[in-house]
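S.K.:
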Ligand SMILES: Nc1ncnc2c1ncn2[C@@H]1O[C@H](COP(=O)(O)OP(=O)(O)O)[C@@H](O)[C@H]1O
Ligand SMILES: [Mg+2]
């Protein structure tokens, strides 16, 4: 019999304390399968962003262990491991973090940074033709092919966030991390962006972990909801099984 495949991410007993601060995460254990879509919820300051950063080695961890994308580490990943994780991960944040005076296409080409030869991506005119083509194609996937040459500061908030999604996807990551990707958008643009995330992640079999303040987004777009509270996991279940009673305690101090 075949043994089940290793999860894409496996966290055991993770603890995180920032220097001089109180513990943020005390004991978090979690495993995420390849291709899953997971919503991470919790009150402000409950450690959602911290957990995302610990998962991919952007922050040192204070205890426990992380295995992500085939790299296993305690405290912090080595430089080679960090690069391997980075190469396979796309990031999207609340504020799109695009270069506003550059075109949508140039910003998407920047998604190749972190890959071998990536200095070329700093200057789009030096980028290999294959990168520019991939960037154009990915802009098409977020329905913005017609805005490739538009400067980012001429786009709406929703369009800019779609460019950020294209930038995160252009390098064909296995894992997509989205931290409050819709928090700055109006409700219609927010649904647009979340719908795109899910569709693209499903089509490309990309694992998606996103945080949200919006329970409707968490339930509609996450197959599974993980709630953080008091430094630990308050609940972790398929989104269809989450009841109002489960949610009652999540956002109370
Ligand atoms: N870089 C940092 N240095 C020190 N403390 C931090 C840092 N980042 C977050 N914190 C603290 O850790 C706690 C959890 O923050 P965060 O992970 O951002 O929560 P959330 O994303 O759920 O709002 C907060 O008390 C916050 O002030
Ligand atoms: Mg946060």
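Residue numbers (this note's numbering): 1352 to 1604.
Backbone N, C-alpha and C fix where the C-beta goes; we use that ideal spot for every residue, glycine too.
Taking residue 1586 and residue 1530 to be in contact with their CB atoms under 8 Å, please state how far apart those CB atoms are, rounded to whole angstroms.
M.R.: That pair is no contact at about 20 Å.
S.K.: With distance defined between alpha-carbon atoms, name the residue in 1460, 1393, 1375, 1354 nearest to residue 1597.
M.R.: The shortest Cα separation from residue 1597 among 1460, 1393, 1375, 1354 belongs to 1393.
S.K.: Tell me, which residues are paired with residue 1383 by DSSP?
M.R.: Residue 1383 pairs with 1360.
S.K.: Between residue 1552 and residue 1559, how many whole angstroms is the CB-CB distance? I'm expecting something under 8 Å.
M.R.: About 4 Å separates the two Cβ atoms, so the contact holds.
S.K.: I need the DSSP call for residue 1349, collapsed to helix, strand or coil.
M.R.: Past the boundaries of the shown model lies residue 1349; the chain is included only from 1352 to 1604, so the question cannot be answered.
S.K.: When the Cα atoms are used, what is the spatial distance from residue 1512 to residue 1447?
M.R.: Taking the straight line from one Cα to the other gives about 6 Å.
S.K.: Work out the CA separation of residue 1461 and residue 1436 for me, nearest whole Å.
M.R.: One C-alpha to the other measures close to 17 Å.
S.K.: Counting pairs of beta carbons, one from the segment 1476–1494 and one from the segment 1404–1419, are three or more of them closer than 8 Å?
M.R.: No, because fewer than three Cβ pairs between the segment 1476–1494 and the segment 1404–1419 fall closer than 8 Å, the two stretches do not touch.
S.K.: Out of curiosity, what's the CA-to-CA distance linking residue 1504 and residue 1451?
M.R.: The straight-line gap from Cα to Cα measures roughly 5 Å.
S.K.: Taking only three categories from DSSP, how would you classify residue 1537?
M.R.: Three-state result, residue 1537: coil.
S.K.: Counting C-beta neighbours from all protein chains within 10 Å, is the total for residue 1369 16 or more, i.e. buried, or is it exposed?
M.R.: The residue in question, residue 1369, is exposed, as its Cβ has fewer than 16 Cβ neighbours within 10 Å.
S.K.: Is residue 1572 near ligand 1, going by C-beta to nearest heavy atom under 6 Å?
M.R.: Not so, every heavy atom of ligand 1 lies at least 6 Å from the Cβ.
S.K.: Is the Cβ-Cβ distance between residue 1458 and residue 1514 less than 7 Å?
M.R.: Contact flag set, yes.
S.K.: CA-CA distance, residue 1500 and residue 1485?
M.R.: Using only the alpha carbons, I get a separation of about 15 Å.
S.K.: DSSP three-state label for residue 1498, please.
M.R.: DSSP places residue 1498 in helix when its eight states are reduced to three.
S.K.: By how many angstroms is the C-alpha of residue 1391 removed from the C-alpha of residue 1601?
M.R.: The alpha-carbon atoms of residue 1601 and residue 1391 are separated by roughly 11 Å.
S.K.: What is the DSSP secondary structure of residue 1456, counted as helix, strand or coil?
M.R.: Note: residue 1456 maps to helix in three-state DSSP.
S.K.: Considering only the alpha carbon of each residue, which of 1539, 1376, 1527 lies closest to residue 1398?
M.R.: Comparing Cα-Cα distances from residue 1398 to each of 1539, 1376, 1527, the minimum goes to 1376.
S.K.: Please classify residue 1578 as buried or exposed, where buried requires at least 16 neighbouring CB atoms within 10 angstroms.
M.R.: By the 10 Å Cβ count, residue 1578 comes out buried.
S.K.: Can you tell which of 1543, 1550, 1520 has the C-alpha that lies nearest to the C-alpha of residue 1439?
M.R.: When only C-alpha atoms are compared, the closest one is 1520.
S.K.: Look at residue 1533 and residue 1544 and say whether their C-beta atoms are less than 7 Å apart.
M.R.: Yes, the pair counts as a contact, with Cβ atoms nearer than the cut-off.
S.K.: Is residue 1367 close to ligand 1? I mean its beta-carbon at under 6 Å from any heavy atom of the ligand.
M.R.: Not so, every heavy atom of ligand 1 lies at least 6 Å from the Cβ.
S.K.: Helix, strand or coil, according to DSSP, for residue 1588 in the structure here?
M.R.: Of the three classes helix, strand and coil, the one that applies to residue 1588 here is strand, per DSSP.
S.K.: Residues bridged to residue 1378 by DSSP?
M.R.: DSSP output for residue 1378 lists 1583 as bridge partner(s).
S.K.: Tell me whether residue 1396, by its Cβ, gets closer than 6 Å to a heavy atom of ligand 1.
M.R.: Yes, since a heavy atom of ligand 1 falls inside the 6 Å radius drawn around the Cβ of residue 1396.
S.K.: Using a beta-carbon distance below 7 Å, is residue 1370 in contact with chain B?
M.R.: Although the question refers to chain B, the structure presented lacks it and comprises just one protein chain.
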